[in-house]
Amino acid sequence: MANISIIGSGSWGSALGIHLARNGNTVKMWSFSKSEADLINNEKKCKFLPQASIPENIFCTTDFKEALKGTEMLLIVTPSKFVRTTVQKFKQYVTNQQIIICSKGFEESTLYTLDEVVREELPNSPIGGLSGPSHAEEVSIGIPTALVIASKDKAVLENVQKAFMNDKLRVYTSYDLKGAELGGALKNIIAFCAGTITGLNLGDNTFAALLTRGLSEMAKLNIAMGADAKTIYGLTGLGDLIVTCMSTHSRNRRAGILIGRGATIEEAKEEIGMTIESIDNIKTAYILSQKYDLEMPIINAAYKVVFENFSPKQAIADLMSRGPKFED
15 MANISIIGSG
25 SWGSALGIHL
35 ARNGNTVKMW
45 SFSKSEADLI
55 NNEKKCKFLP
65 QASIPENIFC
75 TTDFKEALKG
85 TEMLLIVTPS
95 KFVRTTVQKF
105 KQYVTNQQII
115 ICSKGFEEST
125 LYTLDEVVRE
135 ELPNSPIGGL
145 SGPSHAEEVS
155 IGIPTALVIA
165 SKDKAVLENV
175 QKAFMNDKLR
185 VYTSYDLKGA
195 ELGGALKNII
205 AFCAGTITGL
215 NLGDNTFAAL
225 LTRGLSEMAK
235 LNIAMGADAK
245 TIYGLTGLGD
255 LIVTCMSTHS
265 RNRRAGILIG
275 RGATIEEAKE
285 EIGMTIESID
295 NIKTAYILSQ
305 KYDLEMPIIN
315 AAYKVVFENF
325 SPKQAIADLM
335 SRGPKFED
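With the numbering used here, the residue at position 176 of the sequence shown is 190, and numbering never jumps.
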């Protein structure tokens, strides 16, 4: 079994740590918060996962050097907007660890996917991305699911499978890291929109139409940015889209519901109390659609609601009154 570092002690980082430790790996977590580290170490609890208990073979620290020492694999599980600054703080302690990106999103200032951010900071490290339908609340208590590890490096694929796979978690492999990264980032935005129509009390027909056309927009950008066209229809695209749009665990869906019911963006952020990746990444997706000259009306509508004070009802009316099209 492996010695693994996890950078980030939020719900997903803790859930991954719990799963890996139960699978026999030795896990060291890094937290920016001493109180969170103390809760994990002393009470074997994560405040974001009240149903889960922390195994004995997990240790949490606020010291990057201590977190990385003697490990072979490093998981990045911080909010997307903090990935670069966090990597810059710990990269002096990186030796030969395989770097696995478990965050989902874009870097707004560069329009980079997170693999591009990490590769720019750690150009000599083997990099992969772990993604798929995986709410932390369910993974932490052993409810079965399937994920994908994507990387150009065969050793990364093999080692992640060995560390993660058991009867609660299947791990498939893919060489399409770009496609996996894009699926994980874009599905959050569609889930925000799905929550909004739920908050407006619209029907199942509307919901199904949104998911289907949202997936089409995800596929367009996926292809334009050089990813494999079929990746978006697998676990890291369609699979993650379904769970994020439909689950009560989804912060992105919950934020959308609040917006649909009349809350402001700031009120939604305060109510959720944790990072809402969709809101952080809508602007980037909108700019990318302009950069690649793509027709992405759902992304555009989300941008107008969040950044131009469009009412959700008006955004939906505009979507429904667009001119006739072939389905693509």
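Just so you know, even glycine gets a beta-carbon here, dropped at the ideal spot from N, CA and C.
Quick caveat: nothing in here was measured; it's all calculated off a predicted structure.
Relative to Glu70, the option among Ser49, Gly143, Thr220 and Gly31 whose CA is nearest is Gly31.
For secondary structure counted as the beta strand (DSSP E) over 3 or more consecutive residues, the stretch 195-230 holds no complete run. Distances from the alpha-carbon of Leu200 to those of Ser25, Lys166, Gly22 and Ala316 put Ala316 closest. One thing to note: Ser94 has its Cβ within 8 Å of the Cβ of Glu291. For the pair Ile273 and Leu196, the Cα-to-Cα distance works out to about 24 Å.
Ranked by how close their Cα comes to the Cα of Lys234, the residues Phe221, Thr99, Val131 and Glu341 have Glu341 in first place. Per DSSP, reduced to three states, the secondary structure at Tyr306 is coil, with no helix or strand assignment. In the structure shown, Ala29 falls within a helical segment according to DSSP collapsed to helix, strand and coil.
In chain order, Asn37 place their CB closer than 7 Å to the CB of Asn180, counting only its own chain and leaving out the 5 sequence neighbours on each side. Cys74 carries a strand assignment under DSSP once its states are collapsed to helix, strand and coil. In the structure shown, Lys58 adopts coil according to DSSP, grouped into three states. The stretch 21-35 and the stretch 43-60 touch, with no fewer than 3 CB-CB distances between them shorter than 8 Å. For Val131, the secondary structure class from DSSP, reduced to helix, strand or coil, is helix. Counting along the chain, Tyr186 sits inside no alpha helix (DSSP H); it lies in the beta strand (DSSP E) bounded by residues Leu183 to Ser188. Taking a cut-off of 8 Å for Cβ pairs, the stretch 259-275 and the stretch 209-217 touch, as three or more such pairs fall below it. Contact between the stretch 105-119 and the stretch 41-48 is absent, with fewer than three C-beta pairs closer than 8 Å. Spatial neighbours of Asn39 in its own chain (CB-CB distance under 8 Å, excluding positions within 5 residues in sequence) are listed in chain order as Met15, Ala16, Asn17, Ile18, Asn71 and Ala177.
The C-beta of Gly228 has 16 or more other C-beta atoms within 10 Å across all chains shown, which makes the residue buried. With respect to the 8 Å criterion, Leu144 and Ile163 are classified as neighbours on the basis of their beta carbons. Val174 sits close to Gly142, with the two beta carbons spaced by under 8 Å. Counting along the chain, Val41 sits inside no alpha helix (DSSP H); it lies in the beta strand (DSSP E) bounded by residues Thr40 to Trp44.
Membership of Asn314 in the alpha helix (DSSP H) is indicated by the continuous run Pro311 to Phe321. Taking a contact as a CB-CB distance under 8 Å, the pair Ala160 and Gly146 counts as one, their CB atoms being some 6 Å apart. Between Asp190 and Ala241 a beta carbon distance of about 6 Å is seen, short of the 8 Å cut, so the two are scored as contacting.
Straight across, the Cα-Cα distance linking Glu231 with Lys318 is about 17 Å. If the five residues before and after Leu225 are omitted, its C-beta is found closer than 8 Å to the C-beta atoms of Ile204, Ala208, Leu255, Ile256 and Cys259, all from its own chain and listed in chain order.
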